[in-house]
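Here the working numbering is used: the first residue of the sequence shown is 165, the next is one more, and so on. Virtual Cβ for every residue (Gly too), placed ideally from N, Cα, C. Inspection log for the structure reproduced underneath, given as structure tokens.
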Amino acid sequence: ECIMAAPGELRPVVPTDRQHDEPASHTVNRYLEGFYRGDFATAGAVVAVDFTFKGPFLDVQGKDAFFAGAVGLQQIVRGHHLLRQWTDGEDVCSVYDVHLETPVGVGTVPMSEWHTVRDGHLVAGRVLFDTAAFRALMP
165 ECIMAAPGEL
175 RPVVPTDRQH
185 DEPASHTVNR
195 YLEGFYRGDF
205 ATAGAVVAVD
215 FTFKGPFLDV
225 QGKDAFFAGA
235 VGLQQIVRGH
245 HLLRQWTDGE
255 DVCSVYDVHL
265 ETPVGVGTVP
275 MSEWHTVRDG
285 HLVAGRVLFD
295 TAAFRALMP
């Protein structure tokens, strides 16, 4: 399996999850697919207990604190569309569009997220996005 490292350049995906022999990108994608369907049980299955997260609206340590802080998203996320992803060892950077549906309307917010994967679990995440575009969809 390969990923596109730069336009026209393919690089092999290096498995970093030795416990499950799965590339880090697969772990991240399982998390993203579950999280943006609002399926926190599926997303949580690949998140480490000591997960650390930093974002514009949430900066927490611990899996439970992260999902408690994200519970408001569970009702409004309607999927995501992965635009690009890079893998460098245990680090995975993803650029994607998040589909949201709120009482204000329906829209898409572009996001970028950097995850670190160890032993088949996300141990760290950092998300960047345009908070004005996100807030425009909030009641």
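*Could you name the residues of the same chain whose beta carbon sits closer than 6 Å to that of R194, not counting the 5 residues immediately before and after it, in chain order?*
V210
*Buried or exposed for A296, please, with buried defined as at least 16 other CB atoms from any protein chain shown within 10 angstroms of its CB.*
exposed
*Alpha carbon to alpha carbon, what distance is there between G202 and W250?*
24 Å
*What residues in its chain sit with their C-beta under 6 Å from that of G198, if we drop five residues either side in the sequence?*
T206, A207
*Provide the residue(s) that pair with Q225 in DSSP beta bridges, ordered along the chain.*
T216
_N-terminal and C-terminal residue of the beta strand (DSSP E) that R201 is part of_ = Looking at the DSSP string, R201 is not in any beta strand (DSSP E), and its letter there is neither H nor E.
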